[in-house]
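For the sequence shown, position 258 matches number 258 in UniProt numbering, and the numbering has no gaps at all. Encoded as structure tokens, the structure appears first; notes follow it.
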Amino acid sequence: MEAPIWDAEVVLGIPLLRCQGTAPDGTTCRIFLATSPDLCYRVWQTLIHLSAIDPNSNEIMSVMRELADLVVCGCEHRTNRASEVATIMSSWMVMVQFYRSGARLPAILVSQAVSISMRTGEDVMDVMENVLRNLNDDGSDDGSSESEEGEESSGGSEGSDVSMGDGAVDVLGANVVAPVANMIPLAPAVHHIRSPPRPSAPPVRRPLDTCPCCRDQIESEDDAVWCRAQCGGNIHRVCFQEWRNSCLDEVERWVSEEERLRYITCVFCRRRWLNEWE
């Protein structure tokens, strides 16, 4: 196995086993990709290979493009696959550039960079320029605050030869005058008693929406099943049967039938699937 140089999964900051393409409503598709053991293996191997390449080299571009092509599902992005891959590549390159520079971004800037996966074209460049501009602004603020602190510390050093008076404290050889007269007594600590947790409400079926697998509109409640374990999301009965079979395909054949059923999960929240009679 190749020795990793950097953690590509952490730097890219996205779940690599979910589709990173853009859904018709503008959000990230996020369809679960791990329905094929072969696809999971290819994604994992490509990720390992990417982590073993110097992030400063141009070689990572081809491997990242290969990885981006693997994390775009085929059910929704057949016609615009090349555009989706290019958009994902743009968002990943933003994260890699910051990793190369060793910059640590505020959370708001990280969220802006990651959200590029939902944009295309000129929007990508606008967000990249905005992130870089905000980073430079933060750096200039830090420099001014450091200079002010330096002036304050230098001003205090001019009177360092003054003898220690009442209330002076010797801390590690430095003369520090404690403001005895201005000390304010602390208020007694208040201990808050936590209220007992509220019982969770039973799951409620969500309004009918698009099916997460086929992306077609669910027309009738009779045409769909819904998650009774947690989220209440709807999925076509036919699509759920295919999802159910894919979940069972990942379980070893020697596992008992009762145990195998525990591996069937909800497409949305990944909780164990509960049937109507459970």
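Glycine included, every Cβ here is placed at the ideal spot set by N, Cα and C.
{"Query": "Can the beta-carbon of Phe240 be found closer than 9 Å to that of Val255?", "Result": "no"}
{"Query": "Buried or exposed, going by whether 16 or more other CB atoms sit within 10 Å of the CB of Gly102?", "Result": "exposed"}
{"Query": "Let me know if Cys29 comes out buried or exposed under the rule of 16 or more other beta-carbons within 10 Å of its beta-carbon.", "Result": "buried"}
{"Query": "Hey, could you find the ends of the beta strand (DSSP E) Ala224 is sitting in?", "Result": "224 to 226"}
{"Query": "Nearest-angstrom Cα distance between Val10 and Ile218?", "Result": "36 Å"}
{"Query": "Mind checking Gln20: buried by the 16 CB within 10 Å criterion, or exposed?", "Result": "buried"}
{"Query": "Determine the burial state of Val94: buried for a count of at least 16 other Cβ atoms within 10 Å of its Cβ, exposed for fewer.", "Result": "buried"}
{"Query": "Going by CA-CA distance only, name the one from Cys231, Pro207, Cys213 that's closest to Arg244.", "Result": "Cys213"}
{"Query": "Using the three-state DSSP reduction, which class does Thr27 fall into: helix, strand or coil?", "Result": "coil"}
{"Query": "Whose CA, out of Arg65, Leu47, Gln230, lies closest to the CA of Cys266?", "Result": "Gln230"}
{"Query": "Around the C-beta of Val238, are 16 or more other C-beta atoms found within 10 angstroms, so that it is buried, or is it exposed?", "Result": "exposed"}
{"Query": "DSSP three-state call for Gly97: helix, strand or coil?", "Result": "Per the sequence shown, the amino acid found at residue 97 is Gln instead of Gly. It is helical."}
{"Query": "I'd like the span of the alpha helix (DSSP H) that includes Ile53, first residue to last.", "Result": "First-last for Ile53: undefined, no H or E at that position."}
{"Query": "Report the partner residues of Ile235 according to the DSSP bridge assignment.", "Result": "Val225"}
{"Query": "DSSP state of Gln241, grouped into three classes?", "Result": "helix"}
{"Query": "Taking 8 Å as the cut-off, is the C-beta of Arg206 nearer than that to any heavy atom in the ligand SAM?", "Result": "Although the ligand SAM was asked about, the structure shown includes no ligands whatsoever."}
{"Query": "For Arg65, collect the residues of the same chain with a Cβ closer than 7 Å to its Cβ; drop the 5 residues on either side in sequence, then sort them by chain order.", "Result": "Val85, Met89"}
{"Query": "Start and end of the alpha helix (DSSP H) containing Ile60?", "Result": "59 to 70"}
{"Query": "In three-state DSSP terms, what is Arg215?", "Result": "coil"}
{"Query": "Below 8 Å on the Cβ atoms is my guess for Ser62 versus Trp6; work out the distance and round it to an integer in Å.", "Result": "Rounded, the Cβ-Cβ distance is 17 Å, inconsistent with contact."}
{"Query": "Which residue's Cα is closest to the Cα of Arg260: Leu67, Ile31, Leu248, Thr27?", "Result": "Leu248"}
{"Query": "Looking only at C-alpha atoms, which of Ile31, Ala8, Val72 sits nearest to Asn56?", "Result": "Ala8"}
{"Query": "Less than 9 Å separating the beta-carbons of Val96 and Leu208?", "Result": "no"}
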